[in-house]
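K.L.:
Be aware that the sequence shown starts at 1, since it is given in this note's numbering, and climbs by one per residue. C-beta: ideal position from N, C-alpha, C; glycine also.
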Amino acid sequence: MRLRSVIESELNRLITFELEDGHLIEAVHYRGDTLCISIQVGCHVRCTFCASGRRGLIRNLSYGEIIGQYEIARALLPVRRIAVAGIGEPLANWENVKRAFEFFRTQGLRVSFYTSGFPLGNLSELLDLPHNGVSISVHSLDPEKRREIMPLGGNVLHLVEFLRLKLPKLTRKRRKKVSLAYLLLKGVNDSEEDLRRLGLLALELGVGITLLYYNKVGDFEPVPEEDYERAFRLLRSMGVRVTLSTRFRKDKLGGCGTLTVDRASDIYREEVKV
Ligand code: SF4
Numbered sequence: 001m002r003l004r005s006v007i008e009s010e011l012n013r014l015i016t017f018e019l020e021d022g023h024l025i026e027a028v029h030y031r032g033d034t035l036c037i038s039i040q041v042g043c044h045v046r047c048t049f050c051a052s053g054r055r056g057l058i059r060n061l062s063y064g065e066i067i068g069q070y071e072i073a074r075a076l077l078p079v080r081r082i083a084v085a086g087i088g089e090p091l092a093n094w095e096n097v098k099r100a101f102e103f104f105r106t107q108g109l110r111v112s113f114y115t116s117g118f119p120l121g122n123l124s125e126l127l128d129l130p131h132n133g134v135s136i137s138v139h140s141l142d143p144e145k146r147r148e149i150m151p152l153g154g155n156v157l158h159l160v161e162f163l164r165l166k167l168p169k170l171t172r173k174r175r176k177k178v179s180l181a182y183l184l185l186k187g188v189n190d191s192e193e194d195l196r197r198l199g200l201l202a203l204e205l206g207v208g209i210t211l212l213y214y215n216k217v218g219d220f221e222p223v224p225e226e227d228y229e230r231a232f233r234l235l236r237s238m239g240v241r242v243t244l245s246t247r248f249r250k251d252k253l254g255g256c257g258t259l260t261v262d263r264a265s266d267i268y269r270e271e272v273k274v
């Protein structure tokens, strides 16, 4: 693989790598020290709010291609943290992700994950690793709605049952590193009833909530800023630990859900704007 390009905004740097078979994947350097890396070429989950899964899964990245993103980026930029939160579902390329995690640890890096939660057996292993944060994408506790948001993201009721059994087995300290990620979508999952149900689950599980801001990619609409704050206040008033999307994650360049496969290639130039 080789470095193809680095595009900078005020906040983020979008790094594109070209793989041996010609596919282009992306990573983002943000916060001055964090590299968000990709795990697959495409993604089978096909979340309707995310550009990464638009064409489904093309293939897994090899171990060498996962750590290669770090090896190339660190020659250009300081990297102290890895966020496994770019293109792809880490649990669906689990053997290579586990190996890469071990490698990153030997480099003294802090490693955090975003996952849609399936397969649950792999999620169980992930939660047992000495990670620095796992955010599990819930987005709705209503199975119908969640299927609309994450068509191949698995049954949310099975995910909740799994968490009810698994999380009490973790120490309180380890549980604090787990959060439920929730992307607020206007008129879809932002009602008071939706948020109260989410808050009660977080309290029951003893985990926090990461409220994510939607970078408009698909047909959904982001909630207005005041509704985003209202959701934050409501959850806080219930006693839930809440983290908000940082401005880096909201950036149009490399923010959540904006990474894509083969963005600049001749094949797709017509279809995907650079
Ligand atoms: S949000 Fe994550 S799981 Fe969903 S399509 Fe994008 S990369 Fe895949």
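1) Restricting to Cα atoms, I'd like to know which of G56, H139, L129 is closest to R174.
2) Whose C-beta lies closer than 6 Å to the C-beta of L259 among residues of the same chain, with five residues either side of it excluded?
3) G257: which of C47, A264, L123, E8 sits nearest, CA to CA?
4) Is it right to say T171 is buried, meaning 16 or more other beta carbons lie within 10 angstroms of its own, or is it exposed?
5) Beta-carbon within less than 8 Å of T243's beta-carbon, same chain only, minus the 5 sequence neighbours each way: which residues are those?
6) Under the three-state reduction of DSSP, which class applies to R74: helix, strand or coil?
7) Taking the alpha-carbon of N189 as reference, which of K216, A231, L76, H23 has the nearest alpha-carbon?
8) Under 9 Å between the Cβ atoms of L91 and F118?
9) Can you pull every residue whose C-beta falls closer than 5 Å to some heavy atom of the ligand SF4, listed in chain order?
10) Less than 9 Å separating the beta-carbons of Y70 and F104?
11) Would the beta-carbon of T171 be found less than 8 Å away from any heavy atom of the ligand GTP?
12) Note down, in chain order, each residue of its chain lying with its Cβ closer than 6 Å to the Cβ of S135, except the 5 sequence neighbours on either side.
13) Under a Cβ-count criterion, where at least 16 other Cβ atoms within 10 Å of its own Cβ denotes burial, should G239 be classed as buried or exposed?
14) Can you tell me which of M1, V28, L24 puts its alpha carbon nearest to the alpha carbon of E8?
15) Suppose the cutoff is 6 Å on Cβ atoms and the five residues either side in sequence are ignored; what does the same chain contact list for N60 look like?
16) Which whole-angstrom value describes the C-beta separation of R4 and L24, a residue pair presumed to lie in contact below a C-beta threshold of 8 Å?
17) How about L235 and L198: are their beta carbons less than 9 Å apart?
P.N.:
Answer, in terms of the structure:
1) Numbered from its first residue, the sequence shown carries residue 174 at position 174. Taking only the C-alpha atoms, the option nearest R174 is L129.
2) For the purposes of this step, residue 259 is identified with residue 259 of the sequence shown, where counting begins at 1. Its chain contains E26, S52, G86, I87 as the residues whose beta carbon lies nearer than 6 Å to that of L259, once the 5 sequence neighbours on both sides are disregarded; these appear in chain order.
3) Locating residue 257 in the sequence shown gives position 257, counting from the first residue. The shortest Cα separation from G257 among C47, A264, L123, E8 belongs to C47.
4) Working through the sequence shown from its first residue, we reach residue 171 at position 171. By the neighbour-count rule (16 or more Cβ atoms within 10 Å), T171 is not buried but exposed.
5) The sequence position of residue 243 within the sequence shown is 243, counting from 1. Hits under 8 Å: S179, G208, I209, T210, L211.
6) As a first step, residue 74 is located in the sequence shown; it is residue number 74 there, counting from the start. DSSP places R74 in helix when its eight states are reduced to three.
7) Here residue 189 refers to the residue found at position 189 when the sequence shown is read from its first residue. Of K216, A231, L76, H23, the residue nearest in Cα terms is A231.
8) Mapped onto the sequence shown, residue 91 falls at position 91. Mapped onto the sequence shown, residue 118 falls at position 118. Against a cut-off of 9 Å, the Cβ pair of F118 and L91 comes out as a contact.
9) With 5 Å as the limit, the residues whose C-beta approaches any heavy atom of the ligand SF4 more closely are C43, V45, C47, C50, S52, G53, E89, S116, in sequence along the chain.
10) What you label residue 70 is simply residue 70 of the sequence shown in a count that begins at 1. What you label residue 104 is simply residue 104 of the sequence shown in a count that begins at 1. Against a cut-off of 9 Å, the Cβ pair of F104 and Y70 comes out as a contact.
11) The ligand GTP is not part of this structure, which contains only the ligand SF4.
12) Translated into the one-based positions of the sequence shown, residue 135 becomes position 135. If we look at S135 and ignore the five residues flanking it on each side, its Cβ neighbours are Y114, S179, A181, T210.
13) The sequence position of residue 239 within the sequence shown is 239, counting from 1. The residue in question, G239, is exposed, as its Cβ has fewer than 16 Cβ neighbours within 10 Å.
14) Taking the sequence shown and counting its residues from 1, one reaches residue 8 at position 8. The shortest C-alpha separation from E8 is found at V28.
15) If you number the sequence shown from 1, residue 60 lands on position 60. Cβ neighbours of N60 beyond the five flanking positions: Q40, N93.
16) Taking the first residue of the sequence shown as position 1, residue 4 is located at position 4. Taking the first residue of the sequence shown as position 1, residue 24 is located at position 24. Contact flag correct, Cβ pair sits at about 6 Å.
17) If you number the sequence shown from 1, residue 235 lands on position 235. If you number the sequence shown from 1, residue 198 lands on position 198. Using a Cβ distance threshold of 9 Å, L235 and L198 count as a contacting pair.
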